[in-house]
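Residue numbers (our numbering): 88 to 268.
Glycine included, each C-beta is placed from N, C-alpha and C at the ideal position.
The structure displayed is predicted, hence computed values, not measured ones.
The block underneath contains the structure these notes are about, expressed in structure tokens.
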Ligand SMILES: [Zn+2]
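Have a look at this one:
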């Protein structure tokens, strides 16, 4: 909600400076990051996990044409590492036994031991970042990070990370995508 308000404010400020086109697909034109998402990582994440988290953030940054950007050192988004699923219980009283991660009110929890594969770990972070960006589950295509079940993520997306067109369009549906003036 804040992000959309910020974009509208920006447009009002540039009336007369040019025309603004709204696009459904972020790759249609260059965009700008209205406001970085300032994030903090749990100190318990290892170096290799931090690399994967950073790569997952890049998937959204590149895939939205720069409309999303992350900056370290703030509390817009706090990513925490859990050792056991039952640590999710306070935030997820019903479904926690089935979950390997959860995103809620500016926080992402990752149950690290339940994710063995590096590519799957990165895909999981891409998925949870999608939720943080306000995107729900997507089941109308195979080519998405946003399936409700992590095992349904195509292996190719785990090996070669890139934001699928469907996920990029979902971002524009939620936030609106405009072209850089
Ligand atoms: Zn999900």
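>> Nearer than 8 Å: is that true of the beta carbon of residue 190 relative to any heavy atom of ligand 1?
In response: For the purposes of this step, residue 190 is taken as the residue at position 103 of the chain shown. Yes, the beta carbon of residue 190 sits closer than 8 Å to at least one heavy atom of ligand 1.
>> Assuming residue 150 and residue 266 are in contact, meaning their beta carbons sit under 8 Å apart, how far apart are those beta carbons, in whole angstroms?
In response: What you label residue 150 is simply residue 63 of the chain shown in a count that begins at 1. What you label residue 266 is simply residue 179 of the chain shown in a count that begins at 1. Between residue 266 and residue 150 the Cβ distance is about 16 Å, and since that is not below 8 Å, they are no contact.
>> At the 9 Å Cβ level, is residue 245 part of the contact set with chain B, yes or no?
In response: Note that chain B does not occur in the displayed structure, where there is just one protein chain.
>> Taking the beta carbon of residue 125 as the centre, do at least 16 other beta carbons fall within 10 Å, making it buried, or is it exposed?
In response: Locating residue 125 in the chain shown gives position 38, counting from the first residue. Residue 125 is exposed by the Cβ-count criterion.
> In or out: residue 268 buried (at least 16 other Cβ within 10 Å) or exposed?
Replying inline: Locating residue 268 in the chain shown gives position 181, where the first residue counts as 1. Residue 268 comes out exposed.
> Any idea if residue 258 is buried or exposed, counting beta-carbon neighbours within 10 angstroms, 16 or more meaning buried?
Replying inline: Translated into the one-based positions of the chain shown, residue 258 becomes position 171. Classification for residue 258: buried.
> Do residue 194 and residue 216 have their C-beta atoms within less than 9 Å of each other?
Replying inline: As a first step, residue 194 is located in the chain shown; it is residue number 107 there, counting from the start. As a first step, residue 216 is located in the chain shown; it is residue number 129 there, counting from the start. No, the Cβ-Cβ distance between residue 194 and residue 216 is not below 9 Å.
>> Can you tell me which residues form a DSSP beta bridge with residue 125?
In response: As a working mapping, residue 125 is identified with position 38 in the chain shown. For residue 125, which the question treats as bridged, DSSP gives the partners 158.
> Buried or exposed: residue 236, going by 16 or more other Cβ atoms within 10 Å of its Cβ?
Replying inline: On the chain shown, position 149 is the one that residue 236 refers to. The residue in question, residue 236, is exposed, as its Cβ has fewer than 16 Cβ neighbours within 10 Å.
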